[in-house]
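**Q** Please find one structure pasted underneath; my questions will follow.
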Amino acid sequence: MQTWVSITEPPKSNPTLGNLRTLVDSAQTDLLLTNKVKALKTGNSITDIKLRLASAVELRKGPDVQKTLIILAKALASKGFKRELHILCEDLLGPTHSSAIISQSWSPQLAGVDKRKVLREILNALLADLKWQDFYLEFDELLQLVENLNGKHPNGGQNGVEERRSFVTP
């Protein structure tokens, strides 16, 4: 059995437009690859930050855990991921009910870092953006409630005197 292949010339087209289309396609591909490489180099993707956090927790590097949690919160806020930021802050806050002091299922520390201290730093970082005002107020109130339950003064204030921060207006 024999198979025959017919070879014909491709249809004639405008060579200028064909070359231009190829050039544009190539440029778009190069741009996509360049952007992906930049994203990998800067390491600012949420997934990358979460991986760094997991690594720091596993290695029990407290300062790295604290710094990475704050970076993660800022990245979530900048991308508008309110739900994920809320979950992160709830985990750092822990239980807020009256038995929060004796809760066995929640640990107040992560790799030697006080979770509520990190939460306070995250909340202070959110002060720069007005769109996070309600979020800040919600968690600030809850954090103060928990700190009062534990006998700590909120925001580092002394004798019940509280230092409230205000949002920066553009």
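Each residue of the sequence shown is one higher than the last, beginning at 81 in our numbering.
From the three backbone atoms N, C-alpha and C, an ideal C-beta is built for every residue, glycine too.
1) For A208, does the count of other Cβ atoms within 10 angstroms reach 16, so buried, or fall short, so exposed?
2) Are the beta-carbon atoms belonging to V198 and L149 less than 7 Å from one another?
3) What residues in its chain sit with their C-beta under 7 Å from that of D194, if we drop five residues either side in the sequence?
4) Below 8 Å on the Cβ atoms is my guess for A136 versus A191; work out the distance and round it to an integer in Å.
5) At what residues does the alpha helix (DSSP H) containing D128 begin and finish?
6) Once you ignore the five residues that flank E201 on each side, which residues in its own chain have a CB closer than 7 Å to its CB?
7) Answer with buried or exposed for D171, where buried requires no fewer than 16 other C-beta atoms within 10 angstroms of its C-beta.
8) Which stretch, first to last residue, makes up the alpha helix (DSSP H) that contains L225?
9) Would you report the Cα separation of D128 and K162, rounded to the nearest angstrom?
**A** In short, the structure shows the following:
1) exposed
2) yes
3) Around D194: P188.
4) 7 Å
5) 126 to 138
6) I150
7) The residue is exposed, with fewer than 16 neighbouring Cβ atoms inside 10 Å.
8) 213 to 229
9) 19 Å
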